Amino acid sequence: AHVVAEPCFNCKYTDCVVVCPVECFYEGEAILYIHPDECIDCEACVPECPVAAIFHEDNLPEEWKPFKELNAEMAPQCPVITEKKEPMAGN
Ligand code: SF4
Ligand code: F3S
Numbered sequence: 002a003h004v005v006a007e008p009c010f011n012c013k014y015t016d017c018v019v020v021c022p023v024e025c026f027y028e029g030e031a032i033l034y035i036h037p038d039e040c041i042d043c044e045a046c047v048p049e050c051p052v053a054a055i056f057h058e059d060n061l062p063e064e065w066k067p068f069k070e071l072n073a074e075m076a077p078q079c080p081v082i083t084e085k086k087e088p089m090a091g092n
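Numbered per the UniProt record's numbering, the sequence shown spans residues 2 to 92.
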């Protein structure tokens, strides 16, 4: 599955959610999460993120490895997001 990592924090550009064919992005307060059981690894979202926050779980930079577990844990607890919205202030 693909994973949303650190660069999304306090950004949430949300360009990614619009292109996902299976609507597997979920919205946390300061970051988005991808549900690992729903992501089909189509890669459509990867080039859409202006801050390059999305990685295949096998390609996560070492320091962001914990985001794999974080996405898996948090996605099921958050509301689905399928439409673009204003990025967070300060970015
Ligand atoms: Fe959605 Fe494809 Fe990105 Fe997975 S890789 S989150 S299926 S757009
Ligand atoms: Fe976050 Fe990038 Fe999507 S900043 S909301 S992963 S477009």
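All residues carry an ideal CB built from backbone N, CA and C; glycine is no exception. Just so it is clear, the structure is predicted and the values come from calculations on it, not from any experiment.
- Burial state of His-57 is exposed, judged by a 10 Å Cβ sphere holding fewer than 16 other Cβ atoms.
- Ranked by how close their Cα comes to the Cα of Glu-30, the residues Glu-87, Cys-79, Glu-44 and Thr-83 have Cys-79 in first place.
- For Leu-33, same chain residues with a beta-carbon under 8 Å away, outside a window of 5 residues either side, are Val-5, Cys-9, Lys-13, Thr-15, Cys-17, Val-18, Phe-26, Tyr-27 and Ile-82 in chain order.
- In the DSSP assignment, Phe-26 forms a beta bridge with Ile-35.
- In terms of Cα proximity to Pro-88, the closest of Ala-53, His-3, Asn-11 and Ala-2 is Asn-11.
- The Cβ neighbour count for Cys-50, taken over all protein chains shown within 10 Å, is at least 16; the residue is labelled buried.
- If you draw a straight line from the Cα of Pro-37 to the Cα of Ala-2, it comes to about 5 Å.
- Shown here, Phe-68 sits in a helix according to DSSP, grouped into three states.
- At the C-beta level, Val-23 and Glu-7 stay beyond 8 Å of one another.
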